[in-house]
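K.L.:
Dropping the structure in here first, questions after.
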Amino acid sequence: MKRINQLIKSFLFIGLCIVCITACASKPKFTGTADLCGLVVDENNKPVKDFVIFCKSEDTKIKMTRINIRPVITNESGLFVFYDLPSGSYTISGQKTNYLKLSETPYQFIDHGKIICLKTKTFKAAIKNAEELIALGQLEDANLLLNGICTEKESAENRIILAYEIIASENRDERKTLINKIKTTSTKSSITKQGQDFYKEFISKVEEVYQ
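In this text, residue positions in the sequence shown follow my numbering: the first is 4, and each later residue adds one.
Structure follows, in structure tokens:
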């Protein structure tokens with residue numbers, strides 16, 4: 004009898020778990036509006052502050068309401084909030100100088116209690132990743148990664164990316180264009196004289212190898 008009672012309790016527990024799982028999996032869209040919350044972290048899972056997040060609706064009904072979803076910025080904990088959004092389909096993206104951009108990510112906002120986690124990379128980590136791809140001969144992937152890094156125009160970081168794009172390029176004409184681009188920005192850039200000398204030497208070596 005005791006064994007039967009234990010079996011009954013076990014079946015009841017399993018049945019309850021199935022009901023809970025089914026309920027979570029088929030949770031309907033909420034009514035009204037709610038806050039869409041998210042978190043941005045880097046390659047070490049550290050929160051990223053001042054990351055600009057963009058959100059646009061992919062839902063026809065939401066577009067018809069002409070809701071103006073303005074960009075938001077992450078706080079010190081890497082958190083961001085879009086207030087008072089209706090349930091539906093959205094696309095989220097973002098960027099911060101010297102970080103890998105967050106490419107457009109589809110998101111179904113159906114559970115207002117869920118926090119979406121978005122991952123980026125610091126400039127240093129992204130460049131290291133690009134180096135690894137170049138070493139493996141995956142030049143197309145390396146270029147896609149390099150193009151996804153957000154930098155200020157004519158900054159040292161921007162010219163480092165141009166330098167790696169030269170290395171990752173298989174097209175002779177494209178390499179010439181990139182080399183000239185670095186040359187023309189050298190006088191406008193705020194890089195120190197030591198940095199300028201380094202790039203002049205780098206470019207001369209690149210021209211010897213690739214032209």
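A virtual CB, placed ideally from N, CA and C, is assigned to each residue, including glycine. These figures come from a predicted structure and were not determined experimentally.
List the DSSP bridge partners of Ile95.
P.N.:
Against the sequence shown, residue 95 aligns to sequence position 92. The partner list for Ile95 (beta bridge, DSSP) reads Cys58 and Thr108.
K.L.:
Can you tell me which of the three DSSP states Leu148 falls into?
P.N.:
By 1-based counting over the sequence shown, the position of residue 148 is 145. DSSP places Leu148 in helix when its eight states are reduced to three.
K.L.:
Where do the N-terminal and C-terminal ends of the alpha helix (DSSP H) with Leu165 fall, by residue?
P.N.:
Position 162 of the sequence shown holds residue 165. Leu165 -> alpha helix (DSSP H) spans Ala159 to Ala171.
K.L.:
From Lys52 to Thr100, what distance separates their C-alpha atoms?
P.N.:
Residue mapping note: residue 52 aligns to position 49 of the sequence shown, counting from 1. Residue mapping note: residue 100 aligns to position 97 of the sequence shown, counting from 1. Spanning the two alpha carbons is a distance of roughly 11 angstroms.
K.L.:
When the distance is taken between beta carbons, is Thr125 closer than 8 angstroms to Asp45?
P.N.:
In the sequence shown, counting from the first residue as 1, residue 45 sits at position 42. In the sequence shown, counting from the first residue as 1, residue 125 sits at position 122. The answer is yes: Cβ separation under 8 angstroms.
K.L.:
According to DSSP, simplified to helix, strand and coil, what is Lys122?
P.N.:
Numbered from 1 along the sequence shown, position 119 holds the residue referred to as residue 122. Strand.
K.L.:
Where do the N-terminal and C-terminal ends of the beta strand (DSSP E) with Asp38 fall, by residue?
P.N.:
Indexing the sequence shown from 1 puts residue 38 at position 35. That run of the beta strand (DSSP E) goes Thr36 to Val44.
K.L.:
Note down, in chain order, each residue of its chain lying with its Cβ closer than 8 angstroms to the Cβ of Glu61, except the 5 sequence neighbours on either side.
P.N.:
Counting from 1 along the sequence shown, the entry for residue 61 is found at position 58. Hits under 8 angstroms: Gly91, Ser92, Tyr93, Thr94 and Pro109.
K.L.:
What did DSSP end up calling Ile130 once you bin it into helix, strand or coil?
P.N.:
The residue labelled residue 130 in the question sits at position 127 within the sequence shown. Helix at Ile130.
K.L.:
Starting from the C-beta of Asn161, find all residues in its chain whose C-beta is less than 6 angstroms away, skip the five residues before and the five after it, and write them out in chain order.
P.N.:
Within the sequence shown, residue 161 is the residue found at index 158, counting from 1. So the qualifying residues of the chain are Thr154.
K.L.:
Nearest to Asn71 by CA position, among Asn132, Phe57 and Leu142, is which residue?
P.N.:
Indexing the sequence shown from 1 puts residue 71 at position 68. For the residues Asn132, Phe57 and Leu142, the minimum Cα distance to Asn71 belongs to Phe57.
K.L.:
Could you name the residues of the same chain whose beta carbon sits closer than 6 angstroms to that of Glu79, not counting the 5 residues immediately before and after it, in chain order?
P.N.:
For this step, residue 79 is matched to residue 76 along the sequence shown. Lys52, listed in sequence order.
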